[in-house]
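Read through the structure below, which is laid out as structure tokens, and then see the notes.
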Amino acid sequence: MKLRQTQTSATYLLPDPGELDKRVSIRQRVDSPSDDMGIEPTYPVQFPAWAKVVQTSATTYQETVQTDNVITHYITIRWRRGITTDFEVVLNDLVYRIKRVRDLNSKRRFLLLECTELGEFPVNTGGNSNGGTLFTR
2 MKLRQTQTSA TYLLPDPGEL DKRVSIRQRV DSPSDDMGIE PTYPVQFPAW
52 AKVVQTSATT YQETVQTDNV ITHYITIRWR RGITTDFEVV LNDLVYRIKR
102 VRDLNSKRRF LLLECTELGE FPVNTGGNSN GGTLFTR
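Heads up: the sequence shown begins at 2 in this note's numbering, then just goes up one per residue.
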């Protein structure tokens with residue numbers, strides 16, 4: 002497709018067959034108050050999806066760090082309605098917070114999720130939320 006000078010947004014290449022090769026879990030995180038004056042996350046919406054996970058370039062990482070909106074990974078999934086920044090993506094033990102959601106080429110075929118890696122999925126073993134919480138694998 003030829004790009005014209007009047008085109009205002011980039012045209013993205015859609016994933017090839019077989020590129021959505023990682024099985025991820027997408028879940029909505031809702032924080033609610035806990036008994037120890039902290040917060041407790043709950044996940045009312047959770048579903049599996051096939052995804053393509055790509056680490057961002059060093060330049061993209063550096064530019065997003067400077068604006069305090071760090072993007073570490075791009076995750077591509079098939080298009081779904083209702084995915085917002087309230088959602089997280091879990092791949093194996095790693096959790097990624099969704100920062101932005103883009104409909105690739107406005108075709109309603111694929112979503113590009115711009116995410117920040119939060120690290121390994123913690124299991125709460127007790128304590129309180131004012132620094133005394135213990136997490137283990």
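For each residue, glycine too, the CB sits at the ideal point set by N, CA and C.
Original post:
Do L114 and V102 have their C-beta atoms closer together than 8 Å?
Top reply: Note that the C-beta distance between L114 and V102 is below 8 Å.
**OP:** Spell out a yes or no on whether the stretch 58 to 67 and the stretch 90 to 97 are touching, meaning 3 or more CB-CB pairs, one atom from each, closer than 8 Å.
**Re:** Touching, no, given that fewer than three Cβ pairs across the two stretches are closer than 8 Å.
Original post:
Who pairs with V102 in a beta bridge, going by DSSP?
Top reply: Per DSSP, L114.
Original post:
In terms of residue numbering, what span does the alpha helix (DSSP H) encompassing V66 cover?
Top reply: Run containing V66: A59 to Q67, per the alpha helix (DSSP H) assignment.
Subject >> When V46, A59 and K53 are compared against P18, the one with the closest alpha-carbon >> reply: With distances taken between Cα atoms, P18 lies closest to K53.
Original post:
So, using beta-carbon positions, are L21 and R110 closer together than 8 Å?
Top reply: Not a contact, by the Cβ cut-off of 8 Å.
**OP:** In the DSSP assignment, find the beta strand (DSSP E) that holds D32 and state where it starts and stops.
**Re:** D32 -> beta strand (DSSP E) spans V31 to P34.
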